[in-house]
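Heads up: the structure comes next, in structure tokens.
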Amino acid sequence: MQILQCQNLCKDYTIGENIVHAIRDISIGFEQGEICAVRGPSGSGKSTLLHMLGGLEYPTSGNVFYQNEDLYAYNDNQLSILRRRRFGFVFQAYNLVQELTAYENILLPVLLDKKKPDKKYLTMLIEILGLEHRLDHLPSALSGGQQQRVAIARALANKPAILFADEPTGNLDGKTGREVLSLLKYASKEMGVTLIMVTHDLHIAEQAERIILLEDGSVTDDSGRREVQQIES
């Protein structure tokens, strides 16, 4: 079943008197639980596509559907709630709150949603990620790999259906990057999470089940192309 898809997605930016076509008429779908890597040269539109699929950035035209519901038909508050409850995000820069401990950072999306933490689930996450002895540390006292693990735990804390990862290993050394990728893949397989990951690293991408290649805002290759069902928006 396709959990997420986009139809005729376009994104244009105006820079001075010029229009930059960052994303050009992309239609793709993603299955529940699949692991997909999005590759392409710098400036090809990888992050822009990921941000629109995750509801972080509005398209110029086209639609994004999560479980057949148009993301951009929601108002800002509805979209924010959907992102918090059903999507998880992991970024290259970690984006941790520096004033909060590792555990407080992990809990943040749950508390923002005014939910009671599932302590058994969170304990499992923390143990899988090897963070049990770092929970009271501030981000500044953690290594890059540990900060990324905290970011992954935070992204998974609300039990999302889809995990979006934008260059999640970009700031890490090779060994730590491979460990982080293994954790992301484990989360996908064990929890049924759809993983959509932007990476410039071919070795990282090759460990995904599917690779989408972008060039100049267009999909030039898709190793696991899905037929996109037309949905009336």
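Residues -18 to 214 (the working numbering) are what the sequence shown spells out, left to right.
Glycine included, each C-beta is placed from N, C-alpha and C at the ideal position.
None of these values were measured; they are calculated from a predicted model.
Closest Cα partner of residue i within the set the options
i      : options                   : result
L31    : T180, K170 and T104       : T180
M(-18) : Q48, H2 and I7            : Q48
E148   : F46, A138 and A132        : A132
A74    : L153, A186 and Q59        : L153
R66    : P90, A83 and Y53          : P90
S124   : I(-4), A83, V174 and S169 : A83
T41    : S61, E50, E12 and A3      : A3
A138   : I109, L119, T150 and G158 : I109
K(-8)  : I107, Q128 and G43        : G43
I143   : D182, R159, G69 and K166  : G69
S25    : D202, D197 and G35        : D197
L37    : R20, G126 and A146        : A146
R191   : L(-10), Q79 and I9        : I9
I(-16) : N58, L52, H118 and D117   : L52
Counted within 10 angstroms of its Cβ, other Cβ atoms place residue i as buried (16 or more) or exposed
i      : result
P141   : buried
V200   : buried
N56    : exposed
A134   : buried
I107   : buried
L164   : buried
A122   : exposed
V161   : buried
R115   : buried
I7     : buried
L183   : exposed
Q(-12) : buried
S169   : buried
K27    : buried
Residues sharing a beta bridge with residue i, DSSP
i      : result
N44    : Q(-12)
V179   : V19 and D147
N(-1)  : I(-4)
Q(-17) : E12
E196   : S199
E113   : Partner(s): none; E113 has no beta bridge.
I7     : L(-10)
V71    : A146
D57    : According to DSSP, which records beta bridges pairwise, D57 is partnered with nothing at all.
D51    : F46
R191   : C17
Supposed close pair residue i, residue j - CB separation, criterion 8 Å
i    : j      : result
T150 : I185   : 6 Å
A189 : A18    : 4 Å
F46  : Q(-14) : 5 Å
G35  : L194   : Going by Cβ atoms, the distance from G35 to L194 rounds to 20 Å, so no, they are not a contact pair.
N86  : L93    : Their Cβ separation, rounded to whole angstroms, is 12 Å, which puts N86 and L93 out of contact at 8 Å.
Q128 : P120   : 5 Å
Next on the checklist: Whether or not the region 30 to 44 and the region 98 to 118 are in contact is what I'm after, with contact meaning three or more pairs of Cβ atoms, one per stretch, closer than 8 Å; do they touch?
Outcome noted: Because the criterion of three Cβ pairs below 8 Å is not met, the region 98 to 118 and the region 30 to 44 do not touch.
Next on the checklist: Would the region -3 to 17 count as touching the region 172 to 186 if we require 3 or more Cβ pairs under 8 Å?
Outcome noted: The region -3 to 17 makes contact with the region 172 to 186, as at least three CB pairs between them are under 8 Å.
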